[in-house]
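**Student:**
Chains as they are written, first to last, in our numbering: chain B, 6 to 270; chain G, 6 to 270.
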């Protein structure tokens, strides 16, 4: 998503040129290009698919909507398996229209995980609950903290459900470092993502994630937390940023790789 | 601030007409009208000043800036005493330019409270740390949760430092109810404010606080938490909302009073 202006073949070329060894993919461009075709493209280039984004949206009350969400998540698990990644990132869903019941919505996420976890594990895919910043609690994700995400994940085996640690969403939370340690002990840090916090936030607050180094987050500090917790997996940079999307994608990818080295290595 | 389009005399008239018994004031309009004159206006109308907003902005590193902030807060304490309110609400301040050190910024808040707390108490004024929503952590307030606010407040006597409980900032936090109970036990709920959570958030995320009943927050639930914690003080409605500010102020005040009865009583 950081360089969604690039086609999948362009993205793969640019990663290979820059020595970026793996890439997190989103479902929509993969589906457009074809799941098998994407898997082949990435494999033949010698790249890894680090994660697939995203499953989730488990909070509907309407039975038909719930059944549709579960079916779509099974499909996402299949896509992850075909792409050769072991991790499907989950954006769990916001409050249904008219509801004010955060607790109930979180329990419906647990119900969905109970149904999907065993199927995911059978496909070699782990579900990674991503706590989203509290500013998304009503409309995108009622799971706002690592504590809440782990309280959900720990109801299931770690090879079924873990968490996504994304600096953008948790940087403000002084309890997050101890929760990263908790996640590490349980083997539940399924992926680690970087984005920087910059202000002012844009309208709708979706597309203002800052380039690494432009904002308030100490990337090395958070990297140390996950590594002290035993995490040895890939580190993803996931920026939703109108300014970056308006620029040349290869240039943005090169800048991002350089910023990663400058601020996170 | 909910009806900042009204002058102070208009506001007082409208409150009296509607039977609203008290009003929280902001410093800027009070200073423009005159502190003594405002106190007289409100007193003669038989209204109470529930709180004065706002002190704070304690996170500067530069000694000159810090001294200036402390002096301004002493003035705010004096203004609160003159207005006859016992509570000065604090917006504690964000990260200084270029800093990524949330912990250090929070400690500088504690340093300021140590200097100001005894002076405030000597004037009969309590400082009320307001945790602001985590989306303001970098630019307005590094205190993002009631837990953090109480961790700071409890270093001082309750007649010096307590907290502001504002639904808008904490509604997403499933640990907030137990923190309200903690604050109640310590006698540290110094004011209780209502605003609703609506999306999409506007650019800059400052002026999108929803009218009571328009959003995702169950006002009766939060009112029950503070009352179960022993709070018997005034309930303030504080809306920063471009749409409300563009309308007739008396109409907005009447609507707000009606919404309060409909959703919070």
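Using N, Cα and C, we set each Cβ at its ideal position, and we do this for glycine too.
Just mark residue 261/G as buried or exposed, buried being the case when its beta carbon has 16 or more other beta carbons within 10 Å.
**Tutor:** Burial call: buried.
**Student:** Going by beta carbon distance, what residues of the same chain come within less than 6 Å of residue 191/B, once the five residues before and after it are set aside?
**Tutor:** So the list reads 163, once near-sequence residues are dropped.
**Student:** Given that residue 144/B touches chain G, what residues does it touch there, using C-beta distances under 9 Å?
**Tutor:** Per Cβ cutoff of 9 Å: 204, 205 and 221.
**Student:** As an exercise, report each continuous alpha helix (DSSP H) stretch of at least 4 residues that is fully enclosed by the stretch 142-212 of chain B, in chain order.
**Tutor:** Listed in chain order, the complete alpha helix (DSSP H) runs (minimum 4 residues) inside the stretch 142-212 of chain B are 151-158, 172-175 and 181-190.
**Student:** If you measure beta-carbon to beta-carbon, which residues of the stretch 93-107 of chain B are closer than 9 Å to chain G?
**Tutor:** Cβ contacts with chain G come from 99, 100, 104, 105, 106 and 107.
**Student:** Where does residue 237/B sit, in a helix, a strand or coil, going by DSSP?
**Tutor:** Coil, per DSSP.
**Student:** Mind listing the chain B neighbours of residue 139/G? Cutoff is C-beta to C-beta under 8 Å, in chain order.
**Tutor:** In chain order: 138, 139, 140, 177 and 178.
**Student:** Check whether chain B comes within 8 Å of residue 231/G, counting only Cβ atoms and requiring the distance to be less than that.
**Tutor:** Taking Cβ atoms only, chain B never reaches closer than 8 Å to residue 231/G, which makes this a no.
**Student:** For the stretch 142-154 of chain G against the stretch 72-86 of chain G, do three or more pairs of beta-carbon atoms, one drawn from each stretch, fall closer than 8 Å, so that the two count as touching?
**Tutor:** No, the stretch 142-154 of chain G does not touch the stretch 72-86 of chain G.
**Student:** Over what stretch of residues does the alpha helix (DSSP H) that includes residue 46/B continue unbroken?
**Tutor:** Residues 40-49.
**Student:** Of all the CB atoms in chain B, is at least one closer than 8 Å to the CB of residue 184/G?
**Tutor:** Residue 184/G does not count as touching chain B.
**Student:** Does the beta carbon of residue 198/B sit closer than 8 Å to a beta carbon anywhere in chain G?
**Tutor:** For residue 198/B, the answer is no, since every Cβ of chain G falls outside 8 Å of its Cβ.
**Student:** Once DSSP output is grouped into helix, strand and coil, what is the label at residue 271/B?
**Tutor:** The shown model of chain B, from 6 to 270, leaves out residue 271/B, and the question about it has no answer.
**Student:** Should the stretch 82-89 of chain G be regarded as contacting the stretch 97-109 of chain G, the criterion being three or more beta carbon pairs within less than 8 Å?
**Tutor:** No, because fewer than three Cβ pairs between the stretch 82-89 of chain G and the stretch 97-109 of chain G fall closer than 8 Å, the two stretches do not touch.
**Student:** Within 10 Å of its beta-carbon, does residue 143/B have 16 or more other beta-carbons around it, so buried, or fewer, so exposed?
**Tutor:** It counts as buried.
**Student:** Could you name the residues that DSSP lists as bridge partners for residue 134/G?
**Tutor:** Residue 134/G is bridged to 95/G and 168/G.
**Student:** Using 8 Å for Cβ pairs, my map puts residue 201/G next to residue 220/G. What's the rounded Cβ distance?
**Tutor:** Sure, about 3 Å apart at Cβ, within 8 Å.
**Student:** What are the residues of the stretch 147-160 of chain G that lie near chain B, defined by any Cβ-Cβ distance shorter than 7 Å?
**Tutor:** Here the close residues are 149 and 153.
**Student:** Between which residues of its own chain and residue 126/B is the CB-CB distance below 6 Å, once the five residues before and five after are set aside?
**Tutor:** Hits under 6 Å: 164 and 165.
**Student:** Taking a contact to mean a Cβ-Cβ separation below 8 Å, would you say residue 175/G touches residue 234/G in this structure?
**Tutor:** Going by C-beta atoms, residue 175/G is not nearer than 8 Å to residue 234/G.
**Student:** Is any beta-carbon of chain B found at less than 8 Å from that of residue 209/G?
**Tutor:** Yes, residue 209/G counts as interfacial toward chain B.
**Student:** What do you get for residue 36/G, buried or exposed, if any count of 16 or more other CB atoms within 10 angstroms of its CB means buried?
**Tutor:** That one is exposed.
**Student:** Under three-state DSSP, which class holds residue 64/B?
**Tutor:** Reduced to three states, the DSSP call for residue 64/B is coil.
**Student:** Which of helix, strand or coil does DSSP assign to residue 242/G?
**Tutor:** Three-state result, residue 242/G: strand.
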